[in-house]
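Peer 1:
Numbering (my numbering), first residue to last: 12 to 597.
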């Protein structure tokens, strides 16, 4: 009876609120549905970071050697470095496109571009994008969201000095988000994001921010647990609570851990109790039990500021496939062949011995002495080396195929394919071979980076209270200056477009085509109708040499005239000196 009473008391104290119950149920349902995929990601991660085969699925093979050739890791690093280079080929990777004449004026565009370039630099957006690109490669899916941050530092006189005020980009781990993968689009489905905070972080938010006093509800529940925890056994808690928290075992262990799990629901839901449909809501629950926040999604965009991109799209499934997913089997085969080859080489160098008759025990090695009787003998069991040569050749072929299948051709690392080629042929082949790579990074830029940057601009407009002083470079004077930006300066109807990858590809292709045309007989025919000034502008823009002022209208003629003037002056000085010496009789 005592146990039943204890269980009843615990169940009453730690019962789930209605919203917490259905949010937890949604999370568990969709999280369990992707269990098989999570196991695939885990296997891939083991291969990427493996130092030998003992930590991979190759550990079951009966080889003495356990070497792993880190081909998946090399492809991953190659893709990541080239993706980053394509996204940020220069400092002018971001541009503003206004939807009206007023929104597209130079002053407005410059204010918005300057503000966002400054915030992406100061807010370490490139670092966060690097993590998102790794998710894009490792998981085949990348998720990002934005927030507005106002942080200050305390000066020596006690005053507060702004540290960073502006929008921030945040990565969401693919393991910490669930949604309906059968929805028509990611924007149209609900999302549940999981975060884990310490009790200290929750207490700090509750004590320092007047708008977040609702966190006290979580702390009060913790206090209630500690009061009850000493009077009941773990078994009582297990019987009383029918839910658990991912990664913490049972509920008792979770409350003892000092961490707080938060599940935040974004989207529309139907309240079965009241029959009311709630749209565009954000519901946060803690401990899988209590609702701590229920409000409209704070965005003017009309949807949750959470964005997703998949590397290889699937039909009727929003979860994408990664470039490395179907290469794991080939990595398995490579390690299999490498260790098979190594074991076979060991057998060749140290072959097994066939002992015939009576032979005294001996140590096999150089200058060894073996004592045998009349009918005894010791023989090496010879091995055929043809299998080793075949295995080495097959490993090379597998590695080449993996490069191609991942969309990262070997030319991306500067490895040239066999055969004599002209410079134009090499460039044409590299462009053609890199089409998969270019399409994938442009897809990332359009589907994730562009909406995320516009969401950052939206949250800046919504939360900016004072003017912001930005340091910018004056392109005309080549000096740094300071520019004050207000909320009205960055408020306009238009779209921010990151054009790093697209600009990089287009300019490279255009330059290649121009060289091809001008080097052909057709170039001689159209030469009288070709503007050298405009070509110089194109080349300057294509290879980003504006800072050096190499190209300027007719600057070559001016410099040639200046050089000729110096030469004439020098010649005149020589003649005068010679005439002077002649008159003096020297």
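Each residue gets a CB set at the ideal place from its N, CA and C atoms; glycine is no exception.
Values in this document were obtained by computation on a predicted structure and should not be read as measured data.
Does the Cβ-Cβ distance between residue 274 and residue 203 come in under 7 Å?
Peer 2: Cβ distance < 7 Å, so residue 274 and residue 203 count as in contact.
Peer 1: Quick check on the DSSP output: the alpha helix (DSSP H) that includes residue 165 runs from which residue to which?
Peer 2: Careful: residue 165 lies outside any alpha helix (DSSP H), inside the beta strand (DSSP E) at 152-165.
Peer 1: In whole angstroms, give me the CA-to-CA distance for residue 318 and residue 124.
Peer 2: The straight-line gap from Cα to Cα measures roughly 22 Å.
Peer 1: Curious, which full-length alpha helix (DSSP H) runs of at least 4 residues does the region 377-416 contain?
Peer 2: The qualifying runs are 397-416.
Peer 1: Whole angstroms are fine: how far does the CA of residue 496 sit from the CA of residue 477?
Peer 2: When rounded, the distance between both Cα atoms is 9 Å.
Peer 1: Locate the beta strand (DSSP E) running through residue 317, then write down its first and last residues.
Peer 2: Element bounds for residue 317: 317-321.
Peer 1: With burial defined as no fewer than 16 other Cβ atoms inside 10 Å of the residue's Cβ, what is the status of residue 269: buried or exposed?
Peer 2: By the neighbour-count rule (16 or more Cβ atoms within 10 Å), residue 269 is not buried but exposed.
Peer 1: By the three-class DSSP mapping on this structure, what secondary structure does residue 200 have?
Peer 2: Residue 200 falls in the coil class under three-state DSSP.
Peer 1: On a Cα-Cα basis, can you pick out the residue from 462, 370, 536 and 561 that is closest to residue 544?
Peer 2: Residue 561 is the option with its Cα nearest to residue 544.
Peer 1: Quick check: the region 191-206 against the region 307-326, are there 3 or more CB pairs under 8 Å?
Peer 2: Contact between the region 191-206 and the region 307-326 is present, because at least three Cβ pairs lie under 8 Å.
Peer 1: Do you know offhand how far residue 450's Cα is from residue 276's?
Peer 2: Looking at the two C-alpha atoms, the distance is approximately 33 Å.
Peer 1: In chain order, what residues of the same chain have a beta carbon less than 7 Å from the beta carbon of residue 128, not counting five sequence neighbours either side?
Peer 2: Around residue 128: 105.
Peer 1: The beta strand (DSSP E) that contains residue 106, what's its start and end?
Peer 2: Counting along the chain, the beta strand (DSSP E) containing residue 106 begins and ends at 105-109.
Peer 1: Run through DSSP, which three-state label would residue 114 get?
Peer 2: Three-state DSSP puts residue 114 in coil, outside helix and strand.
Peer 1: Using 8 Å as the Cβ pair cut-off and three pairs as the minimum, do the region 330-343 and the region 408-417 touch?
Peer 2: As far as the Cβ criterion goes, the region 330-343 touches the region 408-417, which means the pair count is three or higher.
Peer 1: Count the CB pairs spanning the region 65-81 and the region 338-346 that are closer than 8 Å, and state whether there are at least three.
Peer 2: Flag = yes, the region 65-81 and the region 338-346 touch.
Peer 1: Report the partner residues of residue 3 according to the DSSP bridge assignment.
Peer 2: Residue 3 cannot be examined here, being either before or after the span of the chain that is shown, 12 to 597.
Peer 1: Are the CB atoms of residue 207 and residue 133 nearer to each other than 7 Å?
Peer 2: No. Outside cutoff.
Peer 1: Assign residue 235 to one of two classes, buried (16 or more other C-beta atoms within 10 Å of its C-beta) or exposed (fewer than that).
Peer 2: The residue in question, residue 235, is exposed, as its Cβ has fewer than 16 Cβ neighbours within 10 Å.
Peer 1: Cα separation between residue 150 and residue 174?
Peer 2: Between residue 150 and residue 174, the C-alpha separation is close to 34 Å.
Peer 1: Using a threshold of 7 Å, state whether the C-beta atoms of residue 176 and residue 156 are closer than that.
Peer 2: No.
Peer 1: Between the beta-carbon of residue 349 and the beta-carbon of residue 80, is there less than 7 Å?
Peer 2: Cβ distance < 7 Å, so residue 349 and residue 80 count as in contact.
Peer 1: DSSP three-state label for residue 271, please.
Peer 2: Strand at residue 271.
Peer 1: In this structure, does DSSP put residue 308 in helix, strand or coil?
Peer 2: Note: residue 308 maps to coil in three-state DSSP.
Peer 1: For the pair the region 82-94 and the region 56-67, tell me if three or more CB-CB distances fall below 8 Å.
Peer 2: Cβ pair count under 8 Å is three or more, so yes.
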